[in-house]
Structure formats: C-alpha cells, structure tokens
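> First the structure, then my questions, so here it is.
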Amino acid sequence: MRIDPFVREFVDELALIDRHPHLAVRRLETFRDKIEIEESFRRRSGQVLARIRAQSSVMTGLYLAVSAFMIAKFGWSANAKLFAIATTSFGIGAIWLWCGGRNLKWKV
Amino acid sequence: MEGLAPPLKCLLEVQAAIRNGEAIRAGLTRYAQLSSARDEFASVVRSFLFAWERSQPWRHLLEGQSAHRRALLEVFACGLAGQSVASQLDALRIEIEKACDAEIGAYLEMLPLKMLAPLLLFQFPAFLLLMFGPLLRHLIQEINR
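Below is the structure:
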C-alpha cells in the first residue's frame, strides 16, 4: 500500500519525538513551523495549477453547454460522428492542458 | 510546480534538523529519504552525501545545477566540514524564496501564451466543428432538397 508522503513524514517525526522525549516540545515546534512554511509556499506555488485548472474547467463547462444546445437543436443521431470528432479533439486539448500543468518543474 | 521547490524543501529540512540539535547530515538524509523518486535534486543530494562520506570528489555534481542549488550544496559542504552555516542558510532561504516567487510570477505571465497551443490546435477547432458542423449539414440538406 502506498502511504502519503506527508503521513509518512508525520509518523516518522512522532516516532522520533517518542525516542527523544527530552526534546519533544522543541521538535514539535520545529515541525509545526516547517509545516506552516511549507503550506504557505505550497499555496503560492499552487496558483499556476489553479489557474490552468480554472481555465480548463470554464472551457469544459462552455463546451458541454454548447454541446447540449446543439444536440437539442439538431438532434444527436444525425450528427453523432461530428459530435464524436469534436469531443475527441476537445478532450485531447483538455488532457494536454491538465498534464502539461502537472508536469511543470522548478528551475530554481 | 505544485509543491515546494526541491532546494527549498531540502533547506527547510536541514534547518529543522539544526534547530532540533541534529547534524546537517541528519537533515540531508531525511530529505533524501522523504523525497519522491521523481525529485532530481534528491538524487543529487544522495550522490553528494555518498561522495562526501567516502571523501570522494563531489564538485562534478554541481555541473548543470541552478545557481541556488550549487550555492546550497556548497553551504552544506561547509556545514558537513564542521563550520557554522546557520546564518548562511537563513540568507540562502530568503534568496531561494525570492527566486521561487519570481519563477511563479514569470510562469503566470507566460501562462496565457502557453495555453494557446492546446486551445488553438484542439479546443477551438472542436468548438467550430460543434457549432458549425450540424448547421452546415442542415443547410446542405435543405439546399439539396
């Protein structure tokens, strides 16, 4: 079973604190400070992905709305091939956006 | 880019180790253990530690690394050699945080341009096909009648 890295780190830290009870308070304070700094920075760096996902979600919503309208207006069966091609193309674009966002690497 | 930049994560781990009264090596080892296999900097740190423990040359590991990563490894080497590096680490952390903020800002500025490719190549044609395909088909059918 794959354990979440944060949970693993948390359990390891508690195990270390248990092994060194004379440093428990200092270790806990240091760990809390570290988590706070990490969280603050993670929020800032998450902006990039959040923006990509927001834009992709808006486009997907718009696409679904237009699809529903066109299906209601012109019918599904007569235009099934067109809808399938359009949806495949849109899906490839959406996957590109999401995966491209996830694969971003730090240069610092 | 969702998480912390690897050098900043490593630096925080080492600073936490120092504050806990541990050696720099303990912080570096913890960072190397906790980092994912995809983290390239973690493998550099592992190689650095491996070389340091065996008194082997490690400076070749700096090649191809960013200025901040190089500086960080240099400071770690000084720390492992027994020098006091707490103040250097504090200064370096400020520098790395600034660099990360700048990188995020630069990427956010470039984002609209980078998103144009999938938008223009796949999503825009999909919209065109969706909106005008059935319409044209209907029109052609009407004309043929």
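So the protein sequences, as listed, match chains F and B.
In terms of our numbering, the first sequence opens at residue 1 and continues consecutively.
In terms of our numbering, the second sequence opens at residue 109 and continues consecutively.
Built from N, CA and C at the ideal position, the CB exists for glycine as well.
Could you round the C-beta distance between GLU38 of chain F and LEU112 of chain B to whole angstroms and report it? I think they count as a contact, below 8 Å.
Position 38 of the first sequence, counted from the first residue, corresponds to residue 38 of chain F. Position 4 of the second sequence, counted from the first residue, corresponds to residue 112 of chain B. Sure, about 6 Å apart at Cβ, within 8 Å.
> Which residue marks the beginning of the alpha helix (DSSP H) containing ALA100 of chain B, and which one marks its end?
There is simply no residue 100 of chain B to check, as chain B begins at 109 and stops at 253 in what is shown.
> How about PHE230 of chain B: is its C-beta nearer than 9 Å to some C-beta of chain F?
Your numbering for residue 230 of chain B matches position 122 in the second sequence. Taking Cβ atoms only, chain F reaches closer than 9 Å to PHE230 of chain B, which makes this a yes.
> Run through DSSP, which three-state label would LYS105 of chain F get?
Counting from one through the first sequence, the residue named residue 105 of chain F turns up at place 105. Note: LYS105 of chain F maps to coil in three-state DSSP.
> Determine the closest residue to LEU236 of chain B out of F:ILE17, F:SER67 and F:GLN47, with distance taken between C-alpha atoms.
Working through the second sequence from its first residue, we reach residue 236 of chain B at position 128. The shortest C-alpha separation from LEU236 of chain B is found at F:SER67.
> Within the 9 Å Cβ cut-off, does ARG27 of chain F reach chain B?
Numbered from 1 along the first sequence, position 27 holds the residue referred to as residue 27 of chain F. Yes - at least one Cβ of chain B is within 9 Å of the one on ARG27 of chain F.
> To which residues of the same chain is LEU97 of chain F closer than 7 Å at the C-beta, ignoring the five residues directly before and after it?
For this step, residue 97 of chain F is matched to residue 97 along the first sequence. Within the same chain, LEU97 of chain F has close Cβ partners ILE52 and SER56.
> For the alpha helix (DSSP H) containing TRP166 of chain B, name the first residue and the last one.
Within the second sequence, the letter at position 58 stands for residue 166 of chain B. First-last for TRP166 of chain B: undefined, no H or E at that position.
> Taking the straight line between their C-alpha atoms, what separation do you get for ARG27 of chain F and GLU9 of chain F?
Within the first sequence, the letter at position 27 stands for residue 27 of chain F. Within the first sequence, the letter at position 9 stands for residue 9 of chain F. Looking at the two C-alpha atoms, the distance is approximately 13 Å.
> In chain order, which alpha helix (DSSP H) runs of at least 4 residues are fully inside the segment 121–189 of chain B?
Qualifying alpha helix (DSSP H) stretches, in chain order: 132–142, 148–161 and 175–188.
> So, with DSSP's three-state summary, where would you put TRP76 of chain F?
The residue given as residue 76 of chain F occupies position 76 in the first sequence. Reduced to three states, the DSSP call for TRP76 of chain F is coil.
> Pairing CB atoms from the segment 130–143 of chain B with CB atoms from the segment 226–240 of chain B, are three or more of them under 8 Å?
Short answer: they don't touch.
> Can you check whether the CB of TRP166 of chain B is closer than 9 Å to the CB of ALA150 of chain B?
Taking the first residue of the second sequence as 1, we reach residue 150 of chain B at position 42. Taking the first residue of the second sequence as 1, we reach residue 166 of chain B at position 58. The answer is no: Cβ separation not under 9 Å.
> Just checking: is the beta-carbon of GLY93 of chain F within a distance shorter than 9 Å of some beta-carbon in chain B?
Your numbering for residue 93 of chain F matches position 93 in the first sequence. Closer than 9 Å to some Cβ of chain B, the Cβ of GLY93 of chain F qualifies, so yes.
> Near GLU121 of chain B, what residues of its chain come up, given a Cβ to Cβ distance below 8 Å and the 5 sequence neighbours on each side ignored?
As a working mapping, residue 121 of chain B is identified with position 13 in the second sequence. So the qualifying residues of the chain are GLY135, LEU136, ARG138, TYR139 and LEU142.
> Would the segment 63–78 of chain F and the segment 16–24 of chain F be scored as touching if the rule is three or more Cβ pairs under 8 Å?
The segment 63–78 of chain F vs the segment 16–24 of chain F: no contact.
> With the cut-off set at 9 Å, would you say ARG177 of chain B and VAL152 of chain B are in Cβ contact?
Along the second sequence, one-based indexing puts residue 177 of chain B at 69. Along the second sequence, one-based indexing puts residue 152 of chain B at 44. Yes, these two residues count as a Cβ contact at 9 Å.
> Measuring straight from C-alpha to C-alpha, what distance separates GLY101 of chain F and PRO115 of chain B?
As a first step, residue 101 of chain F must be located in the first sequence, where it is residue number 101. As a first step, residue 115 of chain B must be located in the second sequence, where it is residue number 7. Rounded to the nearest angstrom, the two C-alpha atoms are 21 Å apart.
> Determine, using beta carbons only, whether ILE92 of chain F and ASN79 of chain F come nearer to each other than 9 Å.
To locate residue 92 of chain F, count along the first sequence from 1; it is residue 92. To locate residue 79 of chain F, count along the first sequence from 1; it is residue 79. Cβ distance not < 9 Å, so ILE92 of chain F and ASN79 of chain F don't count as in contact.
> List, from N- to C-terminal side, the beta strand (DSSP E) runs of 3 residues or more that fit wholly inside the segment 54–98 of chain F.
Runs of the beta strand (DSSP E) inside the segment 54–98 of chain F: none found.
> Anything in the segment 12–26 of chain F with a Cβ closer than 7 Å to a Cβ of chain B? List those residues in chain order, please.
Per Cβ criterion, the list reads LEU23 and ARG26.
> Measure the alpha-carbon distance for ILE69 of chain B versus LEU188 of chain B and round it to whole angstroms.
In the structure as shown, chain B starts at 109 and stops at 253, and residue 69 of chain B therefore has no counterpart that could be examined.
> Determine whether the Cβ of GLY62 of chain B lies closer than 9 Å to any Cβ atom of chain F.
A question about residue 62 of chain B goes unanswered here, because the residues of chain B that appear run from 109 up to 253.
> Since PHE230 of chain B and SER89 of chain F should fall inside the 8 Å C-beta cutoff, what is the C-beta to C-beta distance between them, to a whole number of angstroms?
The sequence position of residue 230 of chain B within the second sequence is 122, counting from 1. The sequence position of residue 89 of chain F within the first sequence is 89, counting from 1. Yes, they are in contact, since the Cβ atoms of PHE230 of chain B and SER89 of chain F sit about 5 Å apart, within 8 Å.
> With VAL7 of chain F as the anchor, note down where its alpha helix (DSSP H) starts and where it stops.
To locate residue 7 of chain F, count along the first sequence from 1; it is residue 7. Taken as a continuous stretch (DSSP letters only), the alpha helix (DSSP H) holding VAL7 of chain F covers 5–19.
> What did DSSP end up calling VAL48 of chain F once you bin it into helix, strand or coil?
Counted from its first residue, the first sequence places residue 48 of chain F at position 48. DSSP places VAL48 of chain F in helix when its eight states are reduced to three.
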